[in-house]
Amino acid sequence: MGPVERYGEVLSEKLSQVLAKNSKSFSESAAEIYKSLSSGGVWHLFGTGHSSMVVQEAFHRAGGLIPVNPWLEEYLMPQAGPSRNGPLEKLSGLAQVIFDFYRPKEGEVLTLISNSGINPTVVEMAEIARLKNLKTMAITNLEHSKSCQSRHAKSKKLFEVCDYVLDTGGVKGDAVIQIPHLDVPVGPLSTILGSFIINSLAISVCESFSKNGGVAPVYLSSNVPEGQKRNRTLEIKYLDQIPRLR
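Just so we're aligned: the sequence shown equals residues 6 to 251 in the numbering used here.
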């Protein structure tokens, strides 16, 4: 078996295990999201670095939930360059500035995505959210997080400060494939596993709407006839709560 085939095999194994491994946390997390959305709230998501890609996965896409508020700060994303986004995700105090801008409401859900869960910005964000009576859930790699030292001022890690924890089941360092003569592994897992969890949560929330006699607010592809018009009609309800829809 070649390295590409092995990568596919590992991903398949991890994907088949992740929901069973997180059964209780997953069902409770989905229930909290449904409770908030069915009451007029929105689902908030935040992640730095490549974890921001999982946030983007949930926002404004065909088959995804409409009431999703992505906390996407360009200076914390990979395209900002490592000389900027790296130091900033380690900067204590930045989380408060970001939180104050998005102004989530009490009782809403904030999902925080971080493979390592050790940097101050994401840990502090979870702490702030809990103080403001939001429900917090972490999507993180417990194997990696537990094996590394926290950079938080009080040495806390994301999984230690959230109401719910969803473990991606990844490995320390994220990458899993060894190539001969290469001294580091290739083939990261976190983005694919995190996106699977996010989409699975959305599906579960949609199921809850249906079971309770409702219809989940879901995007139709804007690249099919009438898709864009239909979506905009549904988006209007959330313009005050989701800045990026305005």
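Glycine residues also receive a C-beta, built at the ideal position from the N, C-alpha and C atoms.
- Counted as a single uninterrupted DSSP element, the stretch harbouring residue 247 is not any alpha helix (DSSP H), since DSSP gives it neither H nor E.
- If the five residues before and after residue 82 are omitted, its C-beta is found closer than 8 Å to the C-beta atoms of 53, 54, 57 and 90, all from its own chain and listed in chain order.
- In the three-state DSSP reduction, residue 202 falls in the helix class (H, G or I).
- Here residue 172 really is in contact with residue 145; their C-beta atoms are around 7 Å apart, less than 8 Å.
- Bridge pairing for residue 49: 74 and 115 [DSSP].
- A straight line joining the alpha-carbon of residue 107 with that of residue 244 spans about 13 Å.
- Looking at the DSSP output, residue 182 shares a beta bridge with 191.
- For residue 19, the CB contacts under 7 Å within the same chain, skipping 5 residues up- and downstream, are 174, 194 and 198 in chain order.
- Annotation for residue 133: the continuous alpha helix (DSSP H) segment containing it runs 125 to 136.
- Inclusion of residue 225 and residue 235 in the CB contact set at 7 Å is warranted, their separation being smaller than that value.
- Membership of residue 169 in the beta strand (DSSP E) is indicated by the continuous run 169 to 172.
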